[in-house]
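Below: one structure, written as structure tokens.
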Amino acid sequence: MNTVHLVNPKEVEAFLLDQEGILDASAWFDNGVLTAQVTFLEGTPVTERALIALCKLGLGNEKAPGQVMINIAKPRAVVRVA
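In terms of this note's numbering, the sequence shown has 220 at position 50, counting the first letter as 1, and numbering is strictly consecutive.
Have a look at this one:
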């Protein structure tokens, strides 16, 4: 069964954004595969496999992304001008 039309990428984004450590998330279909992109702060231990498993647990197998791209954000330095 094709579940592409049963999954709303915005639901996946909202779920991911509720997870600790995720700064940003987006989801979309790429050739029928639900794909997500997430941004974490540098130093956060995370893997694609762990994120997919988390989505399966929280959203169900049919709504979990088949692929997750991970971006790492470096903390910004604060520059003070005297």
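Ideal placement from N, C-alpha and C gives every residue a C-beta, glycine not left out.
Taking the alpha carbon of residue i as the reference point, which residue from the options has its own alpha carbon closest?
i      : options                           : result
GLY236 : ILE242, GLU190, LEU224 and ASP188 : LEU224
VAL238 : LYS226, GLU212 and ALA252         : LYS226
VAL208 : ASN201, GLY202, THR217 and ASP200 : THR217
Count the other CB atoms within 10 Å of the CB of residue i; is the residue buried (16 or more) or exposed (fewer)?
i      : result
ALA243 : exposed
LYS233 : buried
ALA252 : exposed
LEU186 : buried
VAL182 : buried
My understanding is that residue i touches residue j, with C-beta atoms under 8 Å, so please give their C-beta distance in whole angstroms.
i      : j      : result
LEU221 : VAL177 : Incorrect: roughly 16 Å between the Cβ atoms, too far for contact.
Please indicate yes or no: does the CB of residue i lie closer than 7 Å to some heavy atom of the ligand SAM?
i      : result
ARG250 : Ligands in the displayed structure: none, and consequently the ligand SAM is not present.
Could you tell me whether the Cβ atoms of residue i and residue j are closer together than 8 Å?
i      : j      : result
LEU211 : PRO245 : yes
PRO206 : SER196 : Correcting the residue type first, residue 206 is Ala in the shown sequence and not Pro. Yes, the Cβ-Cβ distance between ALA206 and SER196 is below 8 Å.
THR214 : GLY191 : yes
Which runs of the alpha helix (DSSP H), 4 residues or longer, sit entirely within the stretch 179-226? 179-187
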